[in-house]
Structures are given as C-alpha cells and as structure tokens.
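Residue numbers (this note's numbering): 340 to 675. Here's the structure we're looking at; comments come further down.
See below:
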C-alpha cells in the first residue's frame, strides 16, 4: 500500500513499522542509573493514546512473571509506591493534566520515575527534577504514536529484567504488520457499519486489543462500542442479548480468538456465538496471527486501527478530528 500524502491518518497507519524501528533505536541508546536499580513493582501512568502502551507492556510483563505491573488511569497514587517502585509516567503531549498530577504525587513518594513524552510541561518538570526522560518525536496525534509509546520502553524493560522480548519476536511482529491488508480492514468495517458493536476476548493477552479497538472506533469512527472479557461475559452479559429486540438485531458481536485460549472457553464461546446469532444479531470472529505474544497482540491492534480508519471513511467523518475531546480539554484546561 503506497503512502497517500493527501491523507494524514493513512500516513500514520502506514508508518507504524518505521515508528517501531525508531522507538527501539531510542530505547537502546537510553542509559540512566534507573535501569540498574532493583525494582520490586511497576506502576504505569497514562491516559488515552499515551496509556495503551502500558496495557500492552503489562500483559507482556505478566507473562514474564518477574514483578507486579499496574496501569494507572487516575490522578491518585497508591500508598504502596515506594523507592523500589518504578513509576513510568507517559504523556505524549506532555500536557495531560491527570499525568502531571500523577508525576507530582510520584515525586513526593520518592519513587524512581521514568518519563515518556515528546515534550511539553512534563518534560520541563522532569528535566528540572533530574528525572530520566525517554523523548519521542513530536507531530503525531497520541493515538497514532503507539509504536513510539510502546516500543521505546521495550529495550529499557528488557535491561531491567521486567520483559524478555527478543529481537526475533520483534522482527516477526514487524513482518506481520507489513502484511496488514487494507482490503480486509475495509471488509470488516463494512460489516460493522451502521451497527452497535460489542467486542469479546479471553481475559489476559487480548485485553489491550479490546481496549484499543474500542478507543480507536470511538475516536476515529465516532462510534460507541462496548467490550467485555471472557469468561466473565458467560456469567452476565450473554443474558443481555435479548432486549430490546430491535437494538439486538442491529448489533454485531466481534469475538477475538487466540491460539492460547483454553479449550473449554473456546467451546463455550462457540455456543455463545450461536446464541447471539439466533437473536438476529450478526457475529464475527477474528483470529490473532503470529507465534509470540507481542506479534499476536499487534496483529489485532494494527488491524483494528485500519478498521477504525475505514469505518470513518464509510461514515464520512474525519478520523483526526476530535471536537468533543478538544471541547472537554478547554473547559478544564486539559492536555492530551
């Protein structure tokens, strides 16, 4: 797919692999004593597009089973944060109000802080306090900088022993991303157009996929989407697929499946899909690709980004315009 200079969002989507390569370069060059400290736990503070990288890294860290890893999307800071807690503060713009408050609370806790940003007030505060900064290039909407905001931390967390992501896994992931089909994304978008969308996947590796699809469909395609994890959905939401009937018939259930999904959940999910289809709703199953957890997560995240773009085009809306978000920022002097 050749880049289209007239379509900025398409350029961002096509540039994901370049972002990843540049982010890894920045992360590998980063040297600071914080990377040599003994870390007992991690708390990642980020909102919106600056927070999704934390969700991805948290799932990879969970599999490595080295230290507890929490993603914090509030201004509060847990009391257990201490000098052995690494606080990663991520704000692409450097002006996100919630994250600036989180930074201040982390500073008062005397925890080691690592800042990820492209500049702004957050960088100023970090430099003034002599906290390390992983600086990424400016010029992207935060949600379009996922390559930078995720992969710049991979070499750092590898050195800390929090992750064990090998170069071969990254190469395989990038190979899959290079093959993402715009035609396939358009086909999925057409099946979602004009419908209420509900996303489901097994709790664990697929959690950041659900968060990313929901947020990208909201921001880019201006459409409401819900998501629920399996097997929790079997214990409550499956009953909701009955009323109001007109709403149910205008809905589409999207089930994401992964090779590591337990057999019994797969079987129950198949039955749930049949139940939903029996109500008159549409059902779609999308499978992850790749061998490594990193590849399987990003195979679906990248596909979802393209789907949100294609759905925006079908709805004839500009995926880059976020009027409601901007209006809220102005009323509370928020950054992003």
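Heads up, the beta-carbon is just placed ideally off N, CA and C, and yes, glycines get one too.
Measure the alpha-carbon distance for residue 354 versus residue 581 and round it to whole angstroms.
-> In the chain shown, the residue the question calls residue 354 occupies position 15. In the chain shown, the residue the question calls residue 581 occupies position 242. Rounded to the nearest angstrom, the two C-alpha atoms are 42 Å apart.
Spatial neighbours of residue 625 within its chain, please: CB distance less than 8 Å, with the 5 preceding and 5 following residues excluded, ordered by chain position.
-> Within the chain shown, the letter at position 286 stands for residue 625. Excluding residues within five positions, the ones whose Cβ falls inside 8 Å are 527, 593, 594, 595, 596, 639 and 642.
CA nearest to the CA of residue 486, picked from 360, 636 and 347 = Working through the chain shown from its first residue, we reach residue 486 at position 147. Closest option to residue 486, Cα to Cα, is 360.
Which ranges would you report for the beta strand (DSSP E) in the segment 530-598 if only whole runs of at least 3 residues count?
-> 535-541, 564-569 and 590-596
Sequence ranges, alpha helix (DSSP H) only - wholly within the segment 456-487, length at least 4 | 459-467
Under the rule that 16 or more other beta-carbon atoms within 10 Å means buried, what is residue 566, buried or exposed?
-> Translated into positions along the chain shown, residue 566 becomes position 227. The residue in question, residue 566, is buried, as its Cβ has 16 or more Cβ neighbours within 10 Å.
Would you say residue 448 and residue 475 are within 8 Å of each other, going by their C-beta atoms?
-> Walking along the chain shown from the start, residue 448 turns up at place 109. Walking along the chain shown from the start, residue 475 turns up at place 136. No, Cβ-Cβ distance for residue 448 and residue 475 is not below 8 Å.
Indicate whether residue 488 and residue 389 have their beta-carbon atoms separated by less than 8 Å.
-> For the purposes of this step, residue 488 is taken as residue 149 along the chain shown, with counting starting at 1. For the purposes of this step, residue 389 is taken as residue 50 along the chain shown, with counting starting at 1. Yes, the Cβ-Cβ distance between residue 488 and residue 389 is below 8 Å.
Who are the near neighbours of residue 341 in its chain, counting only those whose CB is closer than 6 Å to its CB and skipping five residues on each side?
-> Taking the first residue of the chain shown as 1, we reach residue 341 at position 2. Its pLDDT being 45, under 50, residue 341 is placed unreliably by the model, and the measurement read from it follows with that caveat. So the list is empty, once near-sequence residues are dropped.
Measure the alpha-carbon distance for residue 673 versus residue 646 and round it to whole angstroms.
-> Against the chain shown, residue 673 aligns to sequence position 334. Against the chain shown, residue 646 aligns to sequence position 307. With a pLDDT of 42 at residue 673, under the threshold of 50, the modelled position of that residue is not reliable, and the figure given next carries that caveat. In a straight line, the C-alpha of residue 673 is about 28 Å away from that of residue 646.
For residue 370, does the three-state DSSP call read helix, strand or coil?
-> Locating residue 370 in the chain shown gives position 31, where the first residue counts as 1. Note: residue 370 maps to coil in three-state DSSP.
Can you say whether residue 675 is buried or exposed, counting buried as having 16 or more other CB atoms within 10 angstroms of its CB?
-> Translated into positions along the chain shown, residue 675 becomes position 336. With a pLDDT of 44 at residue 675, under the threshold of 50, the modelled position of that residue is not reliable, and no figure is offered here.
Cβ distance (whole Å) where residue 410 is taken to contact residue 383 below 8 Å = Within the chain shown, the letter at position 71 stands for residue 410. Within the chain shown, the letter at position 44 stands for residue 383. Going by Cβ atoms, the distance from residue 410 to residue 383 rounds to 5 Å, so yes, they are a contact pair.
Can you tell me whether residue 611 is buried or exposed, with buried defined as 16 or more other CB within 10 angstroms of its CB?
-> Within the chain shown, numbered from 1, the residue matching residue 611 stands at position 272. That one is buried.
Report yes or no: do the segment 551-571 and the segment 645-661 share at least 3 C-beta pairs separated by less than 8 Å?
-> yes
Contact between the segment 545-560 and the segment 388-403 (3+ Cβ pairs under 8 Å) | yes
Identify whether residue 675 lies in helix, strand or coil by the three-state DSSP scheme.
-> Within the chain shown, numbered from 1, the residue matching residue 675 stands at position 336. With a pLDDT of 44 at residue 675, under the threshold of 50, the modelled position of that residue is not reliable, and the figure given next carries that caveat. Here residue 675 sits in coil by DSSP.
Whose C-alpha, out of 466, 417, 462 and 432, is nearest the C-alpha of residue 450?
-> Within the chain shown, residue 450 is the residue found at index 111, counting from 1. For residue 450, the nearest C-alpha among the options comes from 417.
Alpha carbon to alpha carbon, how far is residue 490 from residue 369?
-> Indexing the chain shown from 1 puts residue 490 at position 151. Indexing the chain shown from 1 puts residue 369 at position 30. Using only the alpha carbons, I get a separation of about 13 Å.
Just reading off the alpha helix (DSSP H) that residue 493 is part of, what are its end residues?
-> In the chain shown, counting from the first residue as 1, residue 493 sits at position 154. Counting along the chain, the alpha helix (DSSP H) containing residue 493 begins and ends at 493-498.
With a 10 Å radius around its C-beta and 16 neighbouring C-beta atoms as the bar for buried, classify residue 544 as buried or exposed.
-> For the purposes of this step, residue 544 is taken as residue 205 along the chain shown, with counting starting at 1. The residue is buried, with at least 16 neighbouring Cβ atoms inside 10 Å.
CA-CA distance, residue 365 and residue 495?
-> Residue mapping note: residue 365 aligns to position 26 of the chain shown, counting from 1. Residue mapping note: residue 495 aligns to position 156 of the chain shown, counting from 1. Computed Cα separation, rounded: 10 Å.
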